[in-house]
Every structure is written in C-alpha cells, then in structure tokens.
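For reference, the structure discussed in these notes is given below.
2 protein chains.
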Amino acid sequence: MSLISQEVPAFDTRVPAYLQRLERAMDALLPPAGTDPDRLHQAMRYACDGGKHLRALMVYATGETLGVAPECLDPAACAVELIHAYSLVHDDLPGMDNDDLRRGRPTVHKAFDIATAILVGDALQTLAFEALANAGAIDAEQKVRMIRSLAHASGSLGMVGGQAVDMASENLTLNIGQLESLHARKTGALILVTCQLAGIAARAPEQVRHALDRYGRCIGLAFQIQDDVLDQIADTATLGKTAGKDQVQNKSTFPSLLGLEQAQHRANALFDEARDAARSISGDAEPLLWLADHIQQRDH
Amino acid sequence: MSLISQEVPAFDTRVPAYLQRLERAMDALLPPAGTDPDRLHQAMRYACDGGKHLRALMVYATGETLGVAPECLDPAACAVELIHAYSLVHDDLPGMDNDDLRRGRPTVHKAFDIATAILVGDALQTLAFEALANAGAIDAEQKVRMIRSLAHASGSLGMVGGQAVDMASENLTLNIGQLESLHARKTGALILVTCQLAGIAARAPEQVRHALDRYGRCIGLAFQIQDDVLDQIADTATLGKTAGKDQVQNKSTFPSLLGLEQAQHRANALFDEARDAARSISGDAEPLLWLADHIQQRDH
Numbered sequence: 001m002s003l004i005s006q007e008v009p010a011f012d013t014r015v016p017a018y019l020q021r022l023e024r025a026m027d028a029l030l031p032p033a034g035t036d037p038d039r040l041h042q043a044m045r046y047a048c049d050g051g052k053h054l055r056a057l058m059v060y061a062t063g064e065t066l067g068v069a070p071e072c073l074d075p076a077a078c079a080v081e082l083i084h085a086y087s088l089v090h091d092d093l094p095g096m097d098n099d100d101l102r103r104g105r106p107t108v109h110k111a112f113d114i115a116t117a118i119l120v121g122d123a124l125q126t127l128a129f130e131a132l133a134n135a136g137a138i139d140a141e142q143k144v145r146m147i148r149s150l151a152h153a154s155g156s157l158g159m160v161g162g163q164a165v166d167m168a169s170e171n172l173t174l175n176i177g178q179l180e181s182l183h184a185r186k187t188g189a190l191i192l193v194t195c196q197l198a199g200i201a202a203r204a205p206e207q208v209r210h211a212l213d214r215y216g217r218c219i220g221l222a223f224q225i226q227d228d229v230l231d232q233i234a235d236t237a238t239l240g241k242t243a244g245k246d247q248v249q250n251k252s253t254f255p256s257l258l259g260l261e262q263a264q265h266r267a268n269a270l271f272d273e274a275r276d277a278a279r280s281i282s283g284d285a286e287p288l289l290w291l292a293d294h295i296q297q298r299d300h
Numbered sequence: 301m302s303l304i305s306q307e308v309p310a311f312d313t314r315v316p317a318y319l320q321r322l323e324r325a326m327d328a329l330l331p332p333a334g335t336d337p338d339r340l341h342q343a344m345r346y347a348c349d350g351g352k353h354l355r356a357l358m359v360y361a362t363g364e365t366l367g368v369a370p371e372c373l374d375p376a377a378c379a380v381e382l383i384h385a386y387s388l389v390h391d392d393l394p395g396m397d398n399d400d401l402r403r404g405r406p407t408v409h410k411a412f413d414i415a416t417a418i419l420v421g422d423a424l425q426t427l428a429f430e431a432l433a434n435a436g437a438i439d440a441e442q443k444v445r446m447i448r449s450l451a452h453a454s455g456s457l458g459m460v461g462g463q464a465v466d467m468a469s470e471n472l473t474l475n476i477g478q479l480e481s482l483h484a485r486k487t488g489a490l491i492l493v494t495c496q497l498a499g500i501a502a503r504a505p506e507q508v509r510h511a512l513d514r515y516g517r518c519i520g521l522a523f524q525i526q527d528d529v530l531d532q533i534a535d536t537a538t539l540g541k542t543a544g545k546d547q548v549q550n551k552s553t554f555p556s557l558l559g560l561e562q563a564q565h566r567a568n569a570l571f572d573e574a575r576d577a578a579r580s581i582s583g584d585a586e587p588l589l590w591l592a593d594h595i596q597q598r599d600h
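Just so you know, the sequences run in chain order V and X.
Counting from 1, position 169 in the first sequence corresponds to residue 169 in the numbering used here; the numbering is continuous, with no gaps.
One rule links them: number in the numbering used here = place in the second sequence (from 1) + 300.
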C-alpha cells in the first residue's frame with residue numbers, strides 16, 4: 001500500500017496475455033469445427049479468426065483501469081468480438097457491401113457460400129448473448145445489464161441502424177453532422193459499449209461511467225475518421241480488405257468532406273480528448289492511454 | 301377457495317385477449333415506423349405483421365397452466381415471435397430458400413430490398429434478447445435463464461443449425477431419423493423453448509419441466525409433419541406461402557418417406573402423446589390440451 005512508486009509494467013506487455021485469454025475463451029464458446037452441422041461450425045470459426053481484436057482489448061483495458069479481475073471481463077470481450085464478427089460477415093454479403101476480401105482472406109460467403117454466411121452471422125450474434133448469459137464470474141444483475149447494453153448498442157438504434165443509414169447514403173452527399181451520426185451508430189456504438197460493459201463489471205459509479213462514455217465516444221469517432229483516411233491512403237495488402245472502396249461506392253467520408261489534412265487533425269484532437277477523459281477516471285489510466293496511442297498509430 | 305367446481309372459461313375464449321396483449325407488447329418493443337432509420341423500422345414492423353402467433357400462444361397457454369401472471373409471460377411471448385420472424389425473413393432470402401410470398405404478402409426482400417431484409421433479421425434477433433433483458437415483471441436470475449434457453453434453442457445447435465442442415469440436405473434422401481433430427485432443430489427447438497420459458501417464469505420443479513419438455517417435443521415434431529403434409533395437399537392461397545415447394549426443391553419430407561397416410565397417423569399419435577404429457581402436468585391443463593387440438597386442426 002505504501003509503495004506508491006511501485007513499478008507497474010506497461011499495458012503493452014500484458015496485451016499478449018489478454019489476447020491469449022480471448023483466444024481461449026472464444027475457443028471454449030464456439031462449438032468444435034466437427035460438431036454437426038460441421039460446415040456451419042467451421043465457417044463460424046473461420047469468421048472469428050484473425051483481426052486486431054481492438055474491441056476486446058478495450059474491454060480488458062477499461063476493466064484493468066477500473067480494477068476488475070480478467071475472468072469477469074472475458075465474456076464481455078468475447079461478446080463484442082462475436083457481434084463485430086457477425087456484422088462483418090453480413091456487411092460483406094453481395095446484397096450488402098459485396099466484398100471478397102476481409103482480414104486478408106476471402107470473405108465467408110466466398111470461402112463457403114451465401115446461405116452459410118447468412119447463418120454464420122445469425123449464429124454468431126446468438127452466441128454473443130449466450131456468452132453473457134452463461135458467464136460464470138459475474139452475477140445475474142450484471143449479466144442482464146450487459147445484455148441490455150450490448151443489445152441496444154448493436155440493434156436497430158445502434159450498429160444495425162448505422163449500417164442501414166450507410167447503405168441508404170451511397171451516392172448522397174452528407175453534411176458532417178449526418179456523417180458523424182451515421183458513424184456514431186455504425187462503428188461508434190459497439191466501441192462505446194466495450195467501455196460500458198467493463199464499467200458494469202466494475203460497478204462503476206455514475207461519474208466514472210460518464211467519463212467512460214466520453215472516452216468511448218471519442219475513440220469510436222476517431223477510429224472511424226482514421227478508417228476513412230486509411231481507406232484513401234493505404235493499399236489493399238496493408239488493410240487486408242479492399243482499399244479505395246468509399247470512392248468507388250461514392251460514399252461521403254471525413255476526408256471527402258473535410259479534406260485529408262483536416263480529417264487527420266480532427267482525429268488527433270479526438271484522441272487527445274479521449275486521453276483527457278481517461279485521466280479523469282483514474283490517476284493510473286495507463287491501459288486506456290496506451291490504447292488511445294495504439295489505435296492512433298495503427299496503419300490498418 | 302372452496303369453490304372447486306368454479307366454472308373456468310375455456311382457453312379458447314381467452315385467446316383474443318392474449319393476442320391483444322402480444323400485439324401491444326410488440327408495438328411497445330418495436331421502434332415506431334418513423335424512427336430513424338425509418339425504412340429499417342418500417343420493414344421490421346412489416347416482418348412482424350400477421351402470422352398465427354402459435355409460439356406466443358404456447359408461452360401463454362403453458363404459463364396459464366402453471367399459474368403464471370400474464371405480465372410475466374409477455375417478454376417471452378414477444379421474444380419467441382421476434383426470433384421466429386427474423387428466421388423467416390432470412391430463410392426467405394434469395395441466397396437461402398428464395399421465396400416471394402409469406403403470410404400472404406410479398407416477403408421482406410421483395411417488399412423492400414435484400415440489404416434491408418438482412419438487417420431486419422439481424423435487428424429482430426437483437427430485439428428478442430433486449431426484450432428479455434428489459435422485462436419488468438421477472439427477476440434477473442429468471443431473465444438470464446430465459447436468455448440462455450432462447451439462445452441455445454435458436455443458435456447453431458438449434459434453429460440456425462437445423463436450417464443449415466436443411467439447406468445441405470436438398471437433393472439428398474434422408475432416413476426418418478435424420479429428418480426428425482433436422483426438424484427437432486429447425487422448427488422443434490423454438491417450439492420446445494416456448495414451454496421452457498413459461499416453465500422458468502413459473503419456477504417449475506424438475507418433474508414439471510420434464511413433462512413440459514415432452515409436451516413441447518411432441519408438439520414441435522407433430523407441427524412439422526403437419527407442415528410437410530399441408531405443403532403437399534393445401535394450396536398457396538390457403539397457406540399464405542408457396543405450396544408444393546418441398547417437391548420442387550427435392551427435399552425429404554415425412555410424407556415422401558412415410559407416405560401421406562402414415563405421416564398423418566404419426567402426427568396424430570404425437571398430438572395424443574402431447575395431451576398425455578399435458579395431463580401429467582396438472583389436472584387442469586386445459587390451455588395445453590386446447591392448444592394441441594388447435595394445432596392439430598389447422599389447415600395452414
């Protein structure tokens with residue numbers, strides 16, 4: 001208790017252990033690839049393979065900042081990754097964004113078939129809620145609050161609604177307010193809820209919950225601006241998904257509305273605001289500060 | 301208390317009130333059609349419109365038999381109808397069964413578009429779990445048990461898995477065991493869980509839960525055999541969906557494996573067994589007996 005200068009290793013050194021936890025927890029949740037119907041279960045595992053797992057890391061980083069034991073965070077970390085994976089599988093379908101490449105490999109409907117991809121997305125969504133309902137280390141009231149938050153963030157008023165607006169906005173020029181509203185739902189809501197789920201696990205008081213919301217909102221929007229910038233300046237090999245798609249689909253993006261330099265400037269200001277919010281939560285918000293830096297520096 | 305011969309009106313007379321409860325609860329759950337994104341919310345309501353609501357009635361009939369207050373059953377009744385509606389929207393997609401007609405009207409992807417239909421299904425599934433998490437009249441432990449049961453019944457080991465097996469079985473001849481296993485998942489699991497959810501609301505003891513499982517399994521399988529029979533003998537106008545599809549898609553059905561008469565005989569035996577199970581639950585299982593009769597007599 002008196003060792004106030006006690007050396008705590010940086011979050012960076014703990015990331016591999018968190019990713020290993022996630023991998024084990026996901027492996028335990030997903031039925032083995034040989035389980036009947038085996039093609040469906042193979043495809044579910046294929047859809048969850050790879051990726052940066054930023055959303056799971058946000059759960060762990062927020063939880064660590066709030067002093068939550070990792071085993072209370074695993075179900076939430078898995079649930080957000082499962083929702084994210086399902087949304088990518090469905091967004092990539094021919095009836096939606098029609099993309100062939102994801103995480104550097106063929107999309108699920110290319111590697112398997114369209115029917116399987118639809119069912120994989122459906123089953124991964126179900127599994128996200130099942131993971132929270134089956135969580136061992138958290139009590140029933142917390143599970144219910146987590147399920148409520150995740151459902152709200154990912155449903156028609158959140159992620160799915162954002163995707164619907166995005167589809168309807170092709171070939172339209174949005175203003176910056178409309179674009180921010182779209183992305184607050186399409187990508188922002190799920191990023192925000194990672195912080196909220198960890199807050200629920202921590203039984204965080206209201207003031208902390210407000211600061212977590214501010215951190216999560218800033219990171220979510222900054223992340224999307226960056227995504228638009230990377231879509232324009234990076235190549236397909238680096239991204240692991242088709243680059244330059246926004247322009248082909250004639251979508252409004254932050255660089256198309258603000259210019260590339262201003263868009264990058266806006267993202268950087270949001271990362272700074274996120275760091276401010278993190279410092280207001282705790283004198284030792286190093287995991288959240290690390291995460292803001294880590295996301296800010298990504299090239300894909 | 302002493303009026304043991306008190307006249308209880310038959311369940312039949314209470315069905316309209318239960319359906320009205322369901323309609324009101326669904327209306328409160330679904331965002332208004334004008335809510336942004338309005339096209340998505342219109343389509344979600346379109347997808348939930350109509351239908352026989354047999355699954356919701358099973359929740360209410362089981363709950364009434366076990367003495368549960370209707371307000372404790374509404375969230376489960378809505379949740380099973382939402383899961384059922386989402387599964388129909390996705391099953392009808394061109395990449396799946398490719399059907400133009402459902403409940404006597406154009407399917408969602410015909411009335412709207414494919415992207416909207418994919419997102420409608422996704423959002424309806426989310427809403428099913430949100431409905432249970434937000435339920436007012438049941439405690440957190442019961443909500444968690446309901447969410448767990450519904451997720452298991454509808455995921456890759458239940459309904460979605462059954463649909464995957466069904467897609468993979470086109471042009472194959474199944475044996476009767478394989479066909480029953482397919483349908484126990486594709487339609488049976490969701491029908492079974494209606495009884496289980498009401499059992500959770502009632503905190504039913506183990507013996508009752510076993511009898512409910514037997515009732516639900518028999519009804520589920522009998523229902524599907526009937527579906528196969530009706531697909532063969534009824535016309536499209538009566539069914540409200542394309543008749544004769546099984547033969548066109550070269551699917552194994554109960555009539556194709558057993559013959560029409562034997563299939564009907566098997567369904568009737570299962571309805572009898574369901575009534576036996578109902579009587580073992582309570583001396584006054586009239587709602588469950590009514591429901592078995594009602595389903596047995598349906599012509600669409």
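All C-beta atoms, glycine included, are put in the ideal place defined by N, C-alpha and C.
Got a sec, what are the start and stop residues for the alpha helix (DSSP H) Ala201(V) sits in?
Ala189 to Ala201
Could you pull out every residue in the same chain whose Cβ sits closer than 7 Å to the Cβ of Leu190(V), ignoring the five residues on either side in sequence?
Arg55, Val80, Ile83, His84, Ala153, Ser154 and Met159
9 Å Cβ cutoff, His84(V) in contact with chain X:
no
Could you name the residues of the segment 187–202 of chain V whose beta carbon sits closer than 7 Å to any beta carbon of chain X, in the order they occur along the chain?
none
At a Cβ threshold of 9 Å, is Ser387(X) touching chain V?
yes
Would you call Arg102(V) buried or exposed, if buried means 16 or more other Cβ atoms sit within 10 Å of its Cβ?
buried
Measure from the alpha carbon of His291(X) to the alpha carbon of each residue in Asp584(X), Gln549(X), Lys551(X) and Phe523(X), then state which is nearest.
Only positions 301 to 600 of chain X appear in this structure, which leaves residue 291(X) out of reach.
Can you name, in chain order, every residue of its own chain whose Cβ lies under 6 Å from the Cβ of Gln532(X), other than the five neighbours on each side?
Pro555
If the criterion is Cβ atoms closer than 9 Å, does the pair Ala61(V) and Leu22(V) meet it?
no
Cα-Cα separation between Gln320(X) and Pro332(X), rounded to whole angstroms
18 Å
Sequence-distant residues of the same chain with beta carbon closer than 7 Å to Tyr386(X), five excluded per side
Gly421, Leu424 and Gln425
Buried or exposed by the 16-neighbour rule on C-beta atoms within 10 Å, applied to Asp235(V):
exposed
Option in Ala115(V), Gly67(V), Gly244(V) and Ile200(V) with minimal Cα separation from Ala663(X)
Residue numbering for chain X in the displayed model covers 301 to 600; residue 663(X) lies beyond these limits and cannot be assessed.
Return helix, strand or coil for Pro332(X), following the three-state DSSP convention.
coil
Find the residues of chain V that neighbour Pro331(X), judging by a C-beta separation of less than 7 Å, and give them in chain order.
Ser156 and Leu157
For Cys495(X) and Met358(X), which I take to be in contact (beta-carbon distance under 8 Å), what is that distance rounded to the nearest angstrom?
6 Å
For Leu301(V), name the three-state secondary structure that DSSP assigns.
Missing from the structure shown is residue 301(V); chain V here goes from 1 to 300 and no further.
CB contact below 9 Å: Asp349(X) versus chain V:
no
Would you list, in sequence order, the uninterrupted alpha helix (DSSP H) runs of no fewer than 4 residues that lie entirely inside the segment 332–363 of chain X?
338–348
So what's Pro316(X) in DSSP terms, helix, strand or just coil?
helix
Select from Leu197(V), His53(V) and Ala25(V) the residue whose C-alpha is nearest the C-alpha of Met146(V).
Leu197(V)
With a 10 Å radius around its C-beta and 16 neighbouring C-beta atoms as the bar for buried, classify Leu330(X) as buried or exposed.
buried
Could you tell me which of Thr238(V), Asn250(V), Val208(V) and Gly244(V) sits nearest to Thr65(V), measuring between CA atoms?
Val208(V)
Taking only three categories from DSSP, how would you classify Leu101(V)?
strand
With distance defined between alpha-carbon atoms, name the residue in Pro70(V), Asn175(V), Phe112(V) and Pro94(V) nearest to Ala135(V).
Pro70(V)
With a threshold of 7 Å on Cβ separation, who are the neighbours of Glu180(V) within its own chain once the five nearest residues in sequence on each side are excluded?
Leu221
Could you give the distance in angstroms between the alpha-carbon of Ser302(X) and the alpha-carbon of Ala563(X)?
Below a pLDDT of 50, predicted positions are generally treated as unreliable, and Ser302(X), at 43, falls in that range; no measurement from the model is reported.
Quick check: the Cα distance between Cys72(V) and Gln142(V), rounded to an integer number of angstroms?
10 Å
Chain X contact residues for Met44(V), given Cβ-Cβ distances below 8 Å:
Ser456
Provide the residue(s) that pair with Pro370(X) in DSSP beta bridges, ordered along the chain.
Pro370(X) is not bridged to any residue.
Between Thr35(V) and chain X, is there a C-beta pair that is closer than 9 Å?
yes
So if I threshold CB-CB distances at 8 Å, which residues from the segment 157–178 of chain V count as touching chain X?
Leu157, Val160, Gly161, Gln163, Ala164, Val165, Met167 and Ala168
Is the CB of Gln425(X) under 9 Å away from at least one CB in chain V?
yes
Ala437(X): which of Phe429(X), His483(X), Val368(X) and Ala511(X) sits nearest, CA to CA?
Val368(X)
Quick one: grab the DSSP three-state call for Asp593(X).
helix
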